[in-house]
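In the numbering used here, the protein residues as written are 366 to 512. A virtual CB, placed ideally from N, CA and C, is assigned to each residue, including glycine. Values in this document were obtained by computation on a predicted structure and should not be read as measured data. What follows is a set of notes on a single structure, which appears directly below.
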Amino acid sequence: MRQKQKTKNGIITRFGVSIEQRLLESFDMLIYKKGYINRSEAIRDIMRDQLVEFDQTDDDKEMVGTINLVYQHGLKALAEKISELEHHNHDHIISTLHIHLDEDRCFETLVVKGKVSNIKSISDKLIGIKGVINGKLTLCTQGDRFM
Ligand code: NI
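Okay, here's the thing in structure tokens:
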């Protein structure tokens, strides 16, 4: 049976779920450790995560995210390639932050926004440059479907 309730953020629906006892106990332990105060918020977050993960398979979806790079410092060709790619994609790269980790390594994070296909292409090119030790793209929803 479904119950509906109107709130300022829209209609909230309550629904029942059939679930094995042991699975529920494991789930409750997990959400307790993660600090959730109730199952509803934990389930909402898991649903959002799944929806965001699915969005990433849609090339035309508009998303925001970060590309994190750790790379060798002191290689002129590498620094030039990264800079060239960033300039070429200035319309998708909103901001960059560069941190000198130590004498030999740099960390750079790029805030990106745009269609999934464009963001993934930029990320692949950057991470694929020789001298990039580790790179990771993280995509987030712009939140339009989640409120
Ligand atoms: Ni540096």
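Provide the residue(s) that pair with residue i in DSSP beta bridges, ordered along the chain.
i: His463; result: Glu473
i: Arg379; result: Gln368
i: Ala501; result: Note that residue 501 is Lys in the sequence shown, not Ala. Paired residue(s): Asn433.
i: Lys480; result: Glu427
i: Ile492; result: According to DSSP, Ile492 bridges with nothing at all.
i: Ile458; result: Val477
Cβ of residue i within 6 Å of any heavy atom in ligand 1?
i: His457; result: no
i: Cys505; result: no
i: His453; result: no
On a CA-only basis, which of the options is nearest residue i? Give me that one, please.
i: Gly496; options: Gly439, Gly381 and Asp424; result: Gly439
i: Tyr436; options: Gly430, Ala444 and Thr461; result: Ala444
i: Leu345; options: Met394, Asp410 and Glu427; result: As shown, the chain starts at 366 and ends at 512. That puts residue 345 outside it, with no answer to give.
i: Ile484; options: Gly500, Thr431, Ile464 and Gln507; result: Thr431
i: Arg470; options: Ile492, Gly493, Val429 and Ile498; result: Ile498
i: Lys480; options: Phe380, Val429, Leu388 and Arg387; result: Val429
i: Ile458; options: Ala442, Asp393 and Ser486; result: Ser486
Return the chain-ordered list of same chain residues with a C-beta closer than 8 Å to the C-beta of residue i, the five sequence neighbours on each side being excluded.
i: Gln461; result: The residue you asked about is not Gln; residue 461 is Thr in the sequence shown. Taken in chain order, the residues that qualify are Glu451, Glu473, Thr474, Leu475 and Val476.
i: Ser488; result: Ile432, Val477, Gly500 and Leu502
i: Lys371; result: Ile377
i: Ser482; result: Asp424 and Asp425
i: Lys399; result: Ala407
i: Arg510; result: Leu416
Leaving out five residues on either side along the sequence, give the residues of the same chain with a beta carbon under 6 Å from the beta carbon of residue i.
i: His466; result: Per the sequence shown, residue 466 should be read as Leu rather than His. Excluding sequence neighbours, Leu466 sits near Phe472.
i: Val327; result: Within the shown structure, residues of the chain are numbered from 366 to 512, placing residue 327 beyond reach of any answer.
i: Ile492; result: Gly500
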